[in-house]
């Protein structure tokens, strides 16, 4: 049996526009809706996860930057969202200077791990780390701190090529800073059932990665795309739309895998 107090999952893909932040927000909301205590740490300087959860920029007095440089704890930077059981450490543009500021520090890769090992962070049952769309020191901190990586993968022509690069990166992280880092799963996003290429991508990814690929397909969905402009997860904006229902299914798959992992 695992003795870890929570599950820290990095949501990463070095390619932009694959539904990474949308997955972070809606998976977190779905987990919170079934009673899990969830924290999102927004590590992207653009702050889309923070905006998508309705956190006004003026309210972000402290951010993940302050946690990473070690001046404040997670509990000091955390903000409650409109979703019960879901909190966020928001992002600000200060993160743009993080890499330059601590690049010479010997613990530069482990700043987030250190912060998340404190009791205030360990009280959440799930911590989701939303990374920038690049492999930089912020993503490295996330992977060093996490138990596993969840990869959103767009159903498009170059998907497998980008995925192989990301899997190589995860292997490098395992060999250097986090030997127990696991692949939580691959989530296929922006699926269009009318598109033959999308069907082929799904088939190819499943053939290459088997059980690592979640059964749930996240469809292209206008309501999911609209939701962030209202500062709401899709699940709050329109629970009945196909995208929201898919994220609820994904959350149940994540929970099921966690149960299986703990029982192993």
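In our numbering, the protein residues as written are 6 to 269.
Ideal Cβ placement from N, Cα and C applies to all residues, glycine included.
Only a predicted model underlies this, so the values are computations on that prediction, with no experimental measurement involved.
Nearest residue (CA-CA) to residue i, options the options
{"i": "residue 130", "options": "39, 172, 170, 111", "result": "39"}
{"i": "residue 262", "options": "27, 92, 155, 58", "result": "155"}
{"i": "residue 101", "options": "197, 144, 79", "result": "144"}
{"i": "residue 135", "options": "191, 264, 14", "result": "14"}
{"i": "residue 92", "options": "257, 216, 133", "result": "133"}
{"i": "residue 138", "options": "120, 205, 51, 185", "result": "51"}
{"i": "residue 21", "options": "218, 195, 240", "result": "195"}
{"i": "residue 88", "options": "265, 269, 239, 185", "result": "239"}
{"i": "residue 75", "options": "268, 225, 122, 226", "result": "122"}
{"i": "residue 105", "options": "78, 73, 253, 94", "result": "73"}
{"i": "residue 281", "options": "107, 124, 192", "result": "Residue 281 lies beyond the range of the chain shown here (6 to 269); nothing can be said about it."}
{"i": "residue 300", "options": "10, 19, 11, 45", "result": "Since the first residue shown for the chain is 6 and the last is 269, residue 300 is missing from the structure and cannot be characterised."}
{"i": "residue 216", "options": "190, 241, 209", "result": "190"}
{"i": "residue 84", "options": "65, 97, 167", "result": "65"}
{"i": "residue 258", "options": "218, 241, 229, 225", "result": "218"}
{"i": "residue 168", "options": "140, 95, 182, 181", "result": "140"}
{"i": "residue 120", "options": "68, 161, 108", "result": "68"}
{"i": "residue 10", "options": "43, 77, 244, 226", "result": "43"}
{"i": "residue 107", "options": "80, 71, 86, 94", "result": "71"}
{"i": "residue 221", "options": "264, 30, 90, 255", "result": "255"}
{"i": "residue 224", "options": "81, 242, 28, 94", "result": "28"}
{"i": "residue 161", "options": "63, 207, 25, 118", "result": "207"}
{"i": "residue 16", "options": "213, 187, 166", "result": "187"}
Bridge-paired residues (DSSP) for residue i
{"i": "residue 190", "result": "155"}
{"i": "residue 83", "result": "Answer is none; residue 83 lacks a bridge partner."}
{"i": "residue 279", "result": "The structure shown does not extend to residue 279, since the chain spans only 6 to 269, so no value can be given for it."}
Residue i - DSSP class collapsed to helix/strand/coil
{"i": "residue 12", "result": "strand"}
{"i": "residue 61", "result": "coil"}
{"i": "residue 70", "result": "helix"}
{"i": "residue 260", "result": "helix"}
{"i": "residue 42", "result": "coil"}
{"i": "residue 18", "result": "coil"}
{"i": "residue 123", "result": "coil"}
{"i": "residue 141", "result": "coil"}
{"i": "residue 269", "result": "coil"}
{"i": "residue 237", "result": "coil"}
{"i": "residue 129", "result": "coil"}
{"i": "residue 161", "result": "coil"}
{"i": "residue 298", "result": "No statement about residue 298 is possible, as the shown extent of the chain runs from 6 to 269 and does not include it."}
{"i": "residue 32", "result": "helix"}
{"i": "residue 75", "result": "coil"}
{"i": "residue 24", "result": "coil"}
{"i": "residue 7", "result": "The pLDDT assigned to residue 7 is 40, lower than 50, so where the model puts this residue is not dependable, and the model offers no usable value."}
{"i": "residue 245", "result": "coil"}
Residue i: CB within 6 angstroms of a non-hydrogen atom of the ligand NAD
{"i": "residue 156", "result": "As far as ligands go, the structure on display features none, and thus does not contain the ligand NAD."}
Open item on the list: Assess contact between the stretch 143–154 and the stretch 109–119, defined as three or more Cβ pairs (one per stretch) separated by less than 8 angstroms. Is contact present?
Closed with: yes
Task: Secondary structure, beta strand (DSSP E): runs of 3+ residues fully inside the stretch 170–233 - done: 187–196, 218–224
Task: Given 8 angstroms, three or more beta-carbon pairs between the stretch 31–38 and the stretch 244–254 - done: yes
Open item on the list: With a threshold of 8 angstroms, are at least 3 pairs of Cβ atoms found where one atom belongs to the stretch 46–65 and the other to the stretch 226–233?
Closed with: yes
Open item on the list: For a minimum of 3 consecutive residues, which ranges assigned as the beta strand (DSSP E) are wholly contained in the stretch 88–112?
Closed with: 91–94
- [ ] Would you check if there are 3 or more beta carbon pairs closer than 8 angstroms linking the stretch 200–208 to the stretch 166–176?
- [x] no
Open item on the list: Does the structure place the stretch 155–165 close enough to the stretch 177–186 that three or more beta carbon pairs sit under 8 angstroms?
Closed with: no
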